[in-house]
Structures are given as structure tokens and as C-alpha cells.
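Chemist: Sharing a structure, written as C-alpha cells. Questions coming.
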Amino acid sequence: MVRRLEEVLAEWRKRDLTAVLIDSTDARAFCAGGDIRAIRENTLAARYAESEEFFATEYRVNATLAAYPHPVVALIDGVCMGGGLGLSVHGPFRVVTDAAVFAMPETGIGFFPDIGASHFLPRLPGAIGMYLGLTGHRVGAAEALEVGLATHYSPAEKAGQIPELLRERGERSVDEVLRQVAGAPDRPSELAAHRGEIDHCFGAASLAEIRGRLAASATPWARDTLATVDRMSPASLAVTFDLLTRGRERSLAECLDAELRAGRVVTRSADFVEGVRAVLVDKDKSPRWASEYTSDKGVRG
Numbered sequence: 016m017v018r019r020l021e022e023v024l025a026e027w028r029k030r031d032l033t034a035v036l037i038d039s040t041d042a043r044a045f046c047a048g049g050d051i052r053a054i055r056e057n058t059l060a061a062r063y064a065e066s067e068e069f070f071a072t073e074y075r076v077n078a079t080l081a082a083y084p085h086p087v088v089a090l091i092d093g094v095c096m097g098g099g100l101g102l103s104v105h106g107p108f109r110v111v112t113d114a115a116v117f118a119m120p121e122t123g124i125g126f127f128p129d130i131g132a133s134h135f136l137p138r139l140p141g142a143i144g145m146y147l148g149l150t151g152h153r154v155g156a157a158e159a160l161e162v163g164l165a166t167h168y169s170p171a172e173k174a175g176q177i178p179e180l181l182r183e184r185g186e187r188s189v190d191e192v193l194r195q196v197a198g199a200p201d202r203p204s205e206l207a208a209h210r211g212e213i214d215h216c217f218g219a220a221s222l223a224e225i226r227g228r229l230a231a232s233a234t235p236w237a238r239d240t241l242a243t244v245d246r247m248s249p250a251s252l253a254v255t256f257d258l259l260t261r262g263r264e265r266s267l268a269e270c271l272d273a274e275l276r277a278g279r280v281v282t283r284s285a286d287f288v289e290g291v292r293a294v295l296v297d298k299d300k301s302p303r304w305a306s307e308y309t310s311d312k313g314v315r316g
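Numbering (my numbering), first residue to last: 16 to 316.
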């Protein structure tokens with residue numbers, strides 16, 4: 016699929032287009048991400064080159080969308096996780112409906128947020144990006160609009176009009192067209208109530224300090240969030256923290272290159288093989304991480 020996307024985008028670059036719309040024919044999801052089970056199978060069979068080819072191609076598509084000569088509009092009506100954000104967030108227009116759900120849940124499978132996440136997550140307001148990257152927290156339409164993962168909202172019943180409106184937009188801007196079907200999400204943002212705690216805890220200078228601030232807080236949110244962090248792969252948390260911290264100073268191309276290098280190591284790790292097994296293969300949701308967290312020495316394993 017990513018190879019075909021790359022071919023189509025290269026072909027369409029030469030055409031005179033009013034816009035490029037990225038949509039899904041699945042009622043449940045915009046894109047639930049890459050086939051991580053296949054990557055695990057490649058690791059077990061030592062087919063490392065196949066995994067590298069997939070990630071390299073996927074990341075080229077991400078970079079292409081970020082610099083595409085035609086307006087790119089992602090219509091997100093359903094789950095948008097992992098690679099789904101790579102197909103949407105790098106473009107200038109991201110339209111969400113009330114069914115939209117965004118997440119980067121990679122630390123829970125022994126991986127890390129990739130597809131340029133080390134570029135866009137650190138650029139979200141405050142410490143929201145670090146919070147989403149480490150915990151895999153899911154955000155809905157209102158939260159996505161609030162933090163900038165989405166740019167426009169449309170009620171589901173009007174979203175179907177967007178392709179034809181774009182086709183006939185004439186001299187109007189894409190923004191004008193999308194405002195025709197705009198509205199307000201049915202559910203308010205839940206992030207706003209915790210923004211102070213998120214920025215305080217996840218704005219800390221190290222993973223150990225993040226855990227320390229969460230542990231020191233007496234709120235139910237902090238207690239639940241610490242429990243979430245402690246369920247994740249310690250090695251994945253360390254890689255994610257490092258990539259997001261450094262990503263603030265890197266270009267998208269530099270971030271994608273760093274993620275590709277990190278992926279070569281992480282996809283061969285015991286935590287990755289075990290995490291994918293527990294969540295996506297056997298689905299027992301009980302990974303036994305090879306790495307461990309120690310407050311005095313960080314992560315080992």
C-alpha cells in the first residue's frame with residue numbers, strides 16, 4: 016500500500032489538481048496503522064531488509080505529503096493511529112468528525128511513535144506531545160482540534176459533501192470550502208481539564224522526573240497516568256523520550272532519518288517481539304518486558 020501511495024503521489028504531482036483528498040472506505044477507521052505483525056514476523060525470520068524497505072517507503076510518503084505541491088486534505092472519520100497520523104498530520108488540512116480517534120500507542124507494543132512523530136509531537140502545545148507519545152492516550156475530535164492535530168471539524172452527515180465541494184472549488188481556498196461544512200464537536204475536550212498537570216508532569220527534564228511528579232501528585236488522573244506509563248515497555252519509553260526531546264530541534268527530514276535508524280534496532284529487540292505478541296498476536300495484553308526501569312540507573316535490559 017505504501018509503495019502504491021508513493022507511485023500515485025509521484026504521478027499526481029504532475030497534474031493540475033484542485034486538491035488531493037485522503038479518505039477511507041472503512042467505516043471504522045481512517046487508518047489504524049502499519050502491519051506491525053508482519054514486521055514482527057520479519058524479525059523472527061531475520062528478514063530485516065523487508066522491514067527496512069517498508070519503513071523507508073512509508074517515511075518517504077510522509078515527507079512527500081509534507082511538501083506536496085497540491086493542497087492535501089485528510090478526511091478522518093474513525094480511528095487514526097500510528098501510520099494513520101503519518102498519512103494525515105503532515106498535510107495542511109485535517110478534517111475530523113465526531114468518530115475521529117487519534118493515538119500513537121507504540122510504547123505499549125515495544126516500539127516508539129514514528130512516521131515523523133518526533134517532529135510533530137514536540138510542536139504541540141506545552142507538554143501534550145510528550146504525554147501522548149509516552150502514554151498512547153487517545154484523543155477525540157475536540158482534543159485534536161484543541162492541540163492542532165486536526166484543522167477543521169465537520170459533522171459526519173456533511174463530510175460526504177467534501178469531495179464534490181473540493182472538485183468544484185474554483186477560485187475559493189480550500190479553507191473556505193471546508194468552512195462550508197464546519198460545525199462544533201458533540202463532545203467537549205477532556206484534555207483541557209488536565210492541561211496544568213500534563214504540562215507540569217510531562218514537561219520534566221527526564222523520565223525519572225516525569226514518574227516522580229506523577230507519583231507526587233494526589234489526583235486520580237496522575238495515579239491512573241502513572242499506572243499507564245508503568246505498563247509500557249521501559250526501553251520504548253526511553254527511546255520515545257529521547258526522540259521527542261531531540262526532535263524539537265530537528266527538521267522533519269532529520270526526524271524521519273533518526274526514526275529509521277532507531278527502528279533498525281528496536282524492531283529486533285525482545286521487547287518489540289513480546290509487545291506485538293501480547294497486544295496483536297495472542298492478545299493476552301500481558302507483555303513480559305525484557306527491559307526494566309530503575310530509578311537510579313534509568314532503563315536497562
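Just so you know, even glycine gets a beta-carbon here, dropped at the ideal spot from N, CA and C.
Which residues mark the beginning and the end of the alpha helix (DSSP H) in which I213 is found?
Modeler: Residue 213 sits at position 198 when you count from the first residue of the sequence shown. I213 -> alpha helix (DSSP H) spans R210 to F217.
Chemist: Rounded to whole angstroms, how far is the Cβ of A53 from the Cβ of I91, which I believe are closer than 8 Å?
Modeler: For this step, residue 53 is matched to residue 38 along the sequence shown. For this step, residue 91 is matched to residue 76 along the sequence shown. That belief does not hold up - the Cβ atoms of A53 and I91 are roughly 24 Å apart, past 8 Å.
Chemist: Taking the alpha-carbon positions, what's the D31 to L295 distance?
Modeler: In the sequence shown, the residue the question calls residue 31 occupies position 16. In the sequence shown, the residue the question calls residue 295 occupies position 280. Rounded to whole angstroms, D31 to L295 spans 42 Å at the Cα level.
Chemist: Report all residues from its chain with a CB closer than 8 Å to the CB of H209; omit the five preceding and five following residues, and keep chain order.
Modeler: Against the sequence shown, residue 209 aligns to sequence position 194. These residues qualify, in order along the chain: W236.
Chemist: Any contact of the region 117 to 136 with the region 241 to 256, i.e. 3+ C-beta pairs under 8 Å?
Modeler: Yes, since at least three Cβ pairs between the region 117 to 136 and the region 241 to 256 fall closer than 8 Å, the two stretches touch.
Chemist: Given this structure, state the Cα-to-Cα distance separating G185 from P170, to the nearest angstrom.
Modeler: Within the sequence shown, the letter at position 170 stands for residue 185. Within the sequence shown, the letter at position 155 stands for residue 170. Rounded to the nearest angstrom, the two C-alpha atoms are 23 Å apart.
Chemist: Do F217 and M145 have their C-beta atoms within less than 8 Å of each other?
Modeler: Numbered from its first residue, the sequence shown carries residue 217 at position 202. Numbered from its first residue, the sequence shown carries residue 145 at position 130. Yes. Within cutoff.
Chemist: Kindly confirm or deny that the region 145 to 164 and the region 59 to 66 touch, where touching means at least three C-beta pairs closer than 8 Å.
Modeler: Verdict: no, contact absent.
Chemist: Under a three-way DSSP split, which group does M96 fall into?
Modeler: Sequence index remark: in the sequence shown, residue 96 carries index 81 (1-based). Three-state result, M96: strand.
Chemist: Could you name the residues of the same chain whose beta carbon sits closer than 6 Å to that of D311, not counting the 5 residues immediately before and after it, in chain order?
Modeler: To locate residue 311, count along the sequence shown from 1; it is residue 296. Low per-residue confidence applies at D311: pLDDT is 45, beneath 50, and the placement is therefore not dependable enough to give any value.
Chemist: Could you check how far apart the C-beta atoms of V87 and V35 are, in whole angstroms? I think they sit under 8 Å.
Modeler: The sequence position of residue 87 within the sequence shown is 72, counting from 1. The sequence position of residue 35 within the sequence shown is 20, counting from 1. Yes, they are in contact, since the Cβ atoms of V87 and V35 sit about 5 Å apart, within 8 Å.
Chemist: Between the region 68 to 80 and the region 92 to 108, do three or more beta carbon pairs fall short of 8 Å?
Modeler: With the cut-off at 8 Å, the region 68 to 80 and the region 92 to 108 touch.
Chemist: Once the 5 residues before and after R18 are set aside, which same chain residues still bring their CB inside 7 Å of it?
Modeler: Here residue 18 is taken as the residue at index 3 of the sequence shown, counted from 1. For R18, where only same-chain residues beyond five positions count, the Cβ hits under 7 Å are T72.
Chemist: Evaluate contact between the region 227 to 235 and the region 179 to 193, counting only Cβ atoms and requiring at least three cross-stretch pairs below 8 Å.
Modeler: Not touching, per the Cβ criterion.
Chemist: Starting from F45 and walking both ways along the beta strand (DSSP E), at which residues does that stretch end?
Modeler: Position 30 of the sequence shown, counting from 1, holds the residue named residue 45. A44 to C46 is the extent of the beta strand (DSSP E) around F45.
Chemist: Return yes when the Cβ of R109 is within less than 8 Å of the Cβ of L24, no when it is not.
Modeler: As a first step, residue 24 must be located in the sequence shown, where it is residue number 9. As a first step, residue 109 must be located in the sequence shown, where it is residue number 94. Not a contact, by the Cβ cut-off of 8 Å.
Chemist: Could you check what DSSP says for Y168 in three-state terms: helix, strand or coil?
Modeler: For this step, residue 168 is matched to residue 153 along the sequence shown. Strand, per DSSP.
Chemist: With which residues is R18 paired in a DSSP beta bridge?
Modeler: For the purposes of this step, residue 18 is taken as residue 3 along the sequence shown, with counting starting at 1. Partner(s): none; R18 has no beta bridge.
Chemist: Going by DSSP in three states, I130 sits in which element: helix, strand or coil?
Modeler: Counting from 1 along the sequence shown, the entry for residue 130 is found at position 115. Correct three-state label for I130: coil.
Chemist: Quick check on A89: does DSSP put it in helix, strand or coil?
Modeler: Position 74 of the sequence shown, counted from the start, is the residue given in the question as residue 89. Three-state DSSP puts A89 in a strand.
Chemist: Could you give the first and the last residue of the continuous alpha helix (DSSP H) run that contains V280?
Modeler: In the sequence shown, residue 280 corresponds to position 265, counting from 1. Note, V280: alpha helix (DSSP H), L267 to V281.
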